[in-house]
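Down below is the structure, laid out as structure tokens.
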Amino acid sequence: ICSHIRQKAGKFCHGFGSFSFLTCILLDTFIQRLKMTFDVEGLMHNKAEGKTVRKVALCGGAGSFLLEPAAAKGADCFITGEMSYHAYFGHDEDMLICVMGHYQSEQYTKEIFRDLLLGKFPSLKVELCSVNTNPVHCS
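Everything in the sequence shown is counted per our numbering, starting at -8 for the first residue and increasing by one.
Right under this line is the structure:
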């Protein structure tokens, strides 16, 4: 999302967040797929009615600091784990904002790191912890 985040010759540079491009998808369908993919019962999101989603910006965890850079780069949707109430204002016309919970947005990080490590060190033994460390519960 920030200018220092880019992919060069198959190598990723450091930075926060990423962009993806989808086949244009209706907003309601996108929200349902997002909930299913991240296995969340609900998402907090703004209205952004009648929009389609193609360019998606994502920053897991507390990524609200990338909301404005994502909007400036033309994201149709910004996904993060947590964001303050007031950050939603001013984006109903230009961008869908989806907030799923800090833990939920980072729950697949261990698999990503495992795959990166095994890609560099195929003989390395990697074990994934199955303990859910999320201190936040919804009832």
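Every residue, glycine too, gets a C-beta built ideally from N, C-alpha and C.
In the DSSP output, what is valine 44 paired with across the bridge? Ile16
Within 8 Å, strictly: CB atoms of leucine 13 and isoleucine 22: no
Inspect the beta-carbon positions of leucine 17 and leucine 87 and report whether they are closer than 8 Å. No, the pair does not count as a contact, with Cβ atoms beyond the cut-off.
Determine the burial state of isoleucine 103: buried for a count of at least 16 other Cβ atoms within 10 Å of its Cβ, exposed for fewer. In this structure isoleucine 103 is exposed. Its beta-carbon is surrounded by fewer than 16 other beta-carbon atoms within 10 angstroms.
Can you give me the Cβ contacts of valine 47 inside the same chain, cut-off strictly under 6 Å, excluding the 5 residues immediately before and after it? Same-chain partners within the cutoff: Ser11 and Cys68.
Consult DSSP for methionine 35 and reduce its assignment to one of helix, strand or coil. strand
Pair within 8 Å by beta-carbon distance, glycine 51 and glutamate 97: Yes, they are a contact pair.
Tell me the rounded alpha-carbon separation between glycine 8 and methionine 91. 15 Å
For leucine 49, count neighbouring Cβ atoms within 10 angstroms of its own Cβ and tell me buried if that reaches 16, exposed if not. buried
Could you tell me the alpha carbon to alpha carbon distance between phenylalanine 3 and leucine 107, rounded to whole angstroms? Legend: pLDDT at phenylalanine 3 = 49, less than 50; position of this residue unreliable, value from coordinates given subsequently. Roughly 11 Å separates the two Cα atoms.
Whose C-alpha, out of Glu32, Leu58 and Pro126, is nearest the C-alpha of alanine 78? Leu58
Let's see if you can read the secondary structure: which residues bound the alpha helix (DSSP H) around phenylalanine 69? Phenylalanine 69: not part of any alpha helix (DSSP H); member of the beta strand (DSSP E) spanning 68 to 71, first to last residue.
Less than 8 Å separating the beta-carbons of alanine 53 and glycine 81? no
Please report the straight-line C-alpha distance between cysteine 15 and valine 117, rounded to a whole angstrom. Straight-line Cα distance between these residues: approximately 37 Å.
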